[in-house]
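Position 131 of the first sequence, counted from 1, bears residue number 126 in my numbering, the numbering being contiguous throughout.
Okay, so here's the structure we're looking at.
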Amino acid sequence: MLDPKVLRNDPEGVAANLARRGFSFDAAAYRRLDERRRSLQQETQELQNERNQRSKAIGAAKQRGEDIEPLKAEVGRIGERLAEAEQGLAAVQEELEEIHLGLPNLLDEQVPEGADESANAELRQWGGIPPFDFKPRDHVELGEFLSGMDFEAAARIAGSRFVTLSGDLARLHRALIQFMLDLHTSEHGYQEVYVPYLVNACSLTGTGQLPKFEEDLFRVEHDPTLYLAPTAEVPVTNLVQGQIIEDAQMPLRFVCHTPCFRSEAGSYGKDTRGMIRQHQFEKVELVQVVRPDESWQALEALTGHAEAVLRRLGLPYRVVSLCGGDIGFSAARTYDLEVWLPAQERYREISSCSNFTDFQARRLQARWRNPETGKPEPVHTLNGSGLAVGRCLVAILENYQDADGRVTVPEALVGYMGGKRTLGD
RNA sequence: GGAGAGGUGGCUGAGCGGUCGAAAGCACCCGACUUGAAAUCGGGUGAGGGCAUGCGCCCUCCGGGGGUUCGAAUCCCUCCCUCUCCGCCA
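Put into structure tokens, the structure is as follows:
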């Protein structure tokens, strides 16, 4: 949700900013609607005031033992007018609320102009593009060779866009999770949390998935108030929903491993092969709740924490700043980490790190007590994958393969693999 | 699923249908005392919004929604949540 004062005072400026996303906002219509709200509100409040005054007078008259019947009749008539005004006001407010929940966040100045991912700006690369003196296999082939990655079994169990892992691959998958959690808790100052995987509509509205993106979610048929969480961002950020956080508590840094569930409606042709795009995948998520003046600095730090995972694993990657047309609904600025996949000969997203500024905080009513003003004010929230586990597994298989299809275990994971250094021996 | 108790300001916790936005305590802020601090004493301190934007005036909010009433934190209905006991169960 945008700052209502900004929206009211400068709807044209808001419209200009949102246009960079390709989002059209009718500032003039908004002004008219807000004017109507204002006059209806004034009228309603005047009538409410009048009713309150007269009702109090009735109370006083009654105590004096006077006849209050004529007074009651008079106030009754005000009540009728009031009910009408209140109804009109409620309708306009509902209309405004709907608009407010549908408006994406304002873009930060530094977000590159552009309509789609081709306009994303590369900020840096790490690890270069490693040479192969053979034609690298993709992770599906490697999974078949190593045995333990089974899409057909998953299809029997659930359907398409699922996978089963077994043996060393299942352990590697778990090793990645453990490694990431340990790194972020022991070296980056995050507190590990465990949260519900089913979330309600209020939480999803708070982080911005609802009301606009319901089709991306799985909803529980048995209890339609619940959805499967599409990312830990939802339950973890909602830890601060409705809270007023003391200055001394900040910044809050949470790390959380969860499964993520996405319907992938509208991506029917995309990434149908392999583990890249699944209905269910694991992620280790980083969430920060910070003072407003520290959020840009926090975004750089958080991105660095996600990058550290790739560096420790020795996986080549690049960092891109998403352009206006590619960035998510709630984000003011987003850095994607893209890992190199030799079989695809391209970089693929493995982490997305965003500063949501006060956008989620307003929806969540997550505030801190600003010591300078003594007042509760919206916090800033951030999150980033640290990292997507399935894609990370894919990247390791593809980058660490040899000509025979064996896979070297990255040094950082050997301890988590019980000392095992090579898969497929 | 059955029975009971309860949901009030940052926290704890009072609250006869009318002067209750709400006692008291804690916490916090200012001041006094003190070399300083603690303790003590005095005063202040909820949130959101509208008008004025100089002091200020007004509205809404006591889990959510609906109802009764001139008037509801207080009465009625309903839903949600928390706690205790019983049943079922990983």
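Backbone N, C-alpha and C define an ideal beta-carbon position, used for all residues, glycine too.
Checklist line | Residue(s) in a DSSP beta bridge with P373 | finding: Translated into the one-based positions of the first sequence, residue 373 becomes position 378. In the DSSP output, where bridge partners are listed per residue, P373 has R362.
Notebook entry, point to check: What is the DSSP secondary structure of P131, counted as helix, strand or coil?
Noted result: Sequence index remark: in the first sequence, residue 131 carries index 136 (1-based). In the structure shown, P131 sits in coil (DSSP, three-state: anything other than H, G, I, E or B).
Note to self: For G320 and S19, what's the separation of their Cα atoms in angstroms?
What the structure shows: Within the first sequence, numbered from 1, the residue matching residue 320 stands at position 325. Within the first sequence, numbered from 1, the residue matching residue 19 stands at position 24. In a straight line, the C-alpha of G320 is about 12 Å away from that of S19.
Item checked: Contact belief for V334 with A390 at Cβ below 8 Å, rounded distance in angstroms -> The residue labelled residue 334 in the question sits at position 339 within the first sequence. The residue labelled residue 390 in the question sits at position 395 within the first sequence. Going by Cβ atoms, the distance from V334 to A390 rounds to 4 Å, so yes, they are a contact pair.
Checklist line | Nearest to E372 (by Cα), restricted to the options V194, E30, F354 | finding: Position 377 of the first sequence holds residue 372. E372 has its Cα closest to that of F354, out of V194, E30, F354.
Item checked: Pairwise C-alpha distance: A356 and Q48 -> Within the first sequence, the letter at position 53 stands for residue 48. Within the first sequence, the letter at position 361 stands for residue 356. One Cα belongs to Q48, the other to A356, and the distance between them is close to 38 Å.
Notebook entry, point to check: What separation, rounded to the nearest whole angstrom, lies between the Cα atoms of K207 and V9?
Noted result: Your numbering for residue 207 matches position 212 in the first sequence. Your numbering for residue 9 matches position 14 in the first sequence. About 19 Å.
Next item on the list: Could you tell me if the beta carbon of G261 falls within a distance shorter than 7 Å of some heavy atom in the ligand ATP?
Entry: Questions concerning the ligand ATP fall outside what the structure shown contains, since it holds no ligand whatsoever.
Notebook entry, point to check: Would you say L388 and V402 are within 8 Å of each other, going by their C-beta atoms?
Noted result: As a first step, residue 388 is located in the first sequence; it is residue number 393 there, counting from the start. As a first step, residue 402 is located in the first sequence; it is residue number 407 there, counting from the start. Cβ distance not < 8 Å, so L388 and V402 don't count as in contact.
Notebook entry, point to check: L336 bridges to which residues according to DSSP?
Noted result: Translated into positions along the first sequence, residue 336 becomes position 341. By DSSP's assignment, L336 forms a beta bridge with R341.
Margin query: DSSP has I73 in a bridge; who is on the other side?
Written below: Counting from 1 along the first sequence, the entry for residue 73 is found at position 78. None, per the DSSP bridge assignment.
Check: Do L317 and L377 have their CB atoms nearer than 8 Å?
Finding: Counting from 1 along the first sequence, the entry for residue 317 is found at position 322. Counting from 1 along the first sequence, the entry for residue 377 is found at position 382. No. Outside cutoff.
Notebook entry, point to check: What distance in whole Å lies between the Cβ atoms of D103 and R328, which are believed to be in contact at a cut-off of 8 Å?
Noted result: In the first sequence, residue 328 corresponds to position 333, counting from 1. In the first sequence, residue 103 corresponds to position 108, counting from 1. Going by Cβ atoms, the distance from R328 to D103 rounds to 4 Å, so yes, they are a contact pair.
Check: What distance in whole Å lies between the Cβ atoms of A293 and V282, which are believed to be in contact at a cut-off of 8 Å?
Finding: Residue numbering aside, residue 282 sits at position 287 when the first sequence is read from its first letter. Residue numbering aside, residue 293 sits at position 298 when the first sequence is read from its first letter. Not quite, the Cβ-Cβ distance comes to about 11 Å (not below 8 Å), so this is no contact.
Checklist line | Run of the beta strand (DSSP E) containing V315, from where it starts to where it stops | finding: Locating residue 315 in the first sequence gives position 320, counting from the first residue. Its beta strand (DSSP E) spans residues 312 to 316.
Check: DSSP on P254, reduced to helix/strand/coil?
Finding: The residue you call residue 254 lines up with position 259 of the first sequence. Looking at P254 - three-state DSSP - the assignment turns out to be strand.
Next item on the list: Work out the CA separation of G97 and L408 for me, nearest whole Å.
Entry: Here residue 408 refers to the residue found at position 413 when the first sequence is read from its first residue. Here residue 97 refers to the residue found at position 102 when the first sequence is read from its first residue. For the pair L408 and G97, the Cα-to-Cα distance works out to about 44 Å.
Note to self: Let me confirm a value: Y189 is counted as buried when at least 16 other C-beta atoms fall within 10 Å, else exposed. Which label applies?
What the structure shows: Taking the first sequence and counting its residues from 1, one reaches residue 189 at position 194. Y189 is exposed by the Cβ-count criterion.
Next item on the list: Check whether the region 156 to 170 touches the region 236 to 253, counting contact only when three or more Cβ pairs, one atom from each stretch, lie closer than 8 Å.
Entry: no
Margin query: For R46, report the span of its alpha helix (DSSP H) as first-last.
Written below: For the purposes of this step, residue 46 is taken as the residue at position 51 of the first sequence. 22 to 58 is the extent of the alpha helix (DSSP H) around R46.
Check: With burial defined as no fewer than 16 other Cβ atoms inside 10 Å of the residue's Cβ, what is the status of G413: buried or exposed?
Finding: As a working mapping, residue 413 is identified with position 418 in the first sequence. Label assigned to G413: exposed.
Next item on the list: Give the straight-line distance between the Cα atoms of Q396 and D163, rounded to the nearest whole angstrom.
Entry: Numbered from its first residue, the first sequence carries residue 396 at position 401. Numbered from its first residue, the first sequence carries residue 163 at position 168. Straight-line Cα distance between these residues: approximately 15 Å.
Next item on the list: Take L120 as the anchor and find which of Y312, Y411, Y342, A398 has the nearest alpha-carbon.
Entry: Sequence index remark: in the first sequence, residue 120 carries index 125 (1-based). Going by the sequence as given, residue 120 is Gln instead of Leu. Per the Cα distances, Y312.
Note to self: According to DSSP, simplified to helix, strand and coil, what is K67?
What the structure shows: In the first sequence, counting from the first residue as 1, residue 67 sits at position 72. DSSP, read as helix, strand or coil, puts K67 in helix.
Check: Is the Cβ-Cβ distance between F276 and F213 less than 8 Å?
Finding: As a working note, residue 276 is residue 281 in the first sequence. As a working note, residue 213 is residue 218 in the first sequence. Not a contact, by the Cβ cut-off of 8 Å.
Item checked: Distance, L2 Cα to Y342 Cα -> Position 347 of the first sequence, counted from the start, is the residue given in the question as residue 342. Position 7 of the first sequence, counted from the start, is the residue given in the question as residue 2. Roughly 38 Å between the two C-alpha positions.
Margin query: Suppose contacts are defined by Cβ-Cβ distances below 8 Å. Is L221 in contact with L176 by that definition?
Written below: Counting from one through the first sequence, the residue named residue 221 turns up at place 226. Counting from one through the first sequence, the residue named residue 176 turns up at place 181. For L221 and L176, no; Cβs fall outside 8 Å.
Margin query: My parser needs the alpha helix (DSSP H) runs of 4 or more residues fully inside the region 149 to 203; what are they?
Written below: 162 to 181, 196 to 202
Check: Do A383 and S349 have their C-beta atoms within less than 8 Å of each other?
Finding: The sequence position of residue 383 within the first sequence is 388, counting from 1. The sequence position of residue 349 within the first sequence is 354, counting from 1. No, the Cβ-Cβ distance between A383 and S349 is not below 8 Å.
Note to self: If I measure Cβ to Cβ from P405 and keep anything under 7 Å in the same chain, skipping five residues before and after, which residues do I get?
What the structure shows: Residue mapping note: residue 405 aligns to position 410 of the first sequence, counting from 1. Taken in chain order, the residues that qualify are L308, G309, I391, Y395.
Check: Helix or strand or just coil, what does DSSP make of R386?
Finding: The residue given as residue 386 occupies position 391 in the first sequence. DSSP places R386 in helix when its eight states are reduced to three.
Check: Below 8 Å between beta carbons: does that hold for P99 and L13?
Finding: In the first sequence, residue 99 corresponds to position 104, counting from 1. In the first sequence, residue 13 corresponds to position 18, counting from 1. P99 is a Cβ neighbour of L13, given a cutoff of 8 Å.
Notebook entry, point to check: If L178 sits next to A303, beta carbons under 8 Å apart, how far is it from one beta carbon to the other, in whole angstroms?
Noted result: Counting from 1 along the first sequence, the entry for residue 178 is found at position 183. Counting from 1 along the first sequence, the entry for residue 303 is found at position 308. Contact holds; Cβ gap of about 7 Å.
Next item on the list: Count the other C-beta atoms from every protein chain shown that fall within 10 angstroms of the C-beta of K130, then say buried if there are 16 or more, exposed otherwise.
Entry: Walking along the first sequence from the start, residue 130 turns up at place 135. Classification of K130: exposed, given that the 10 Å Cβ count is below 16.
Checklist line | Cutoff 8 Å; reference Q173; Cβ partners in own chain excluding five residues on either side | finding: The sequence position of residue 173 within the first sequence is 178, counting from 1. For Q173, where only same-chain residues beyond five positions count, the Cβ hits under 8 Å are Y411.
Next item on the list: Mind checking which residues open and close the beta strand (DSSP E) that includes E295?
Entry: Translated into positions along the first sequence, residue 295 becomes position 300. No beta strand (DSSP E) contains E295, which is instead part of the alpha helix (DSSP H) from 290 to 308.
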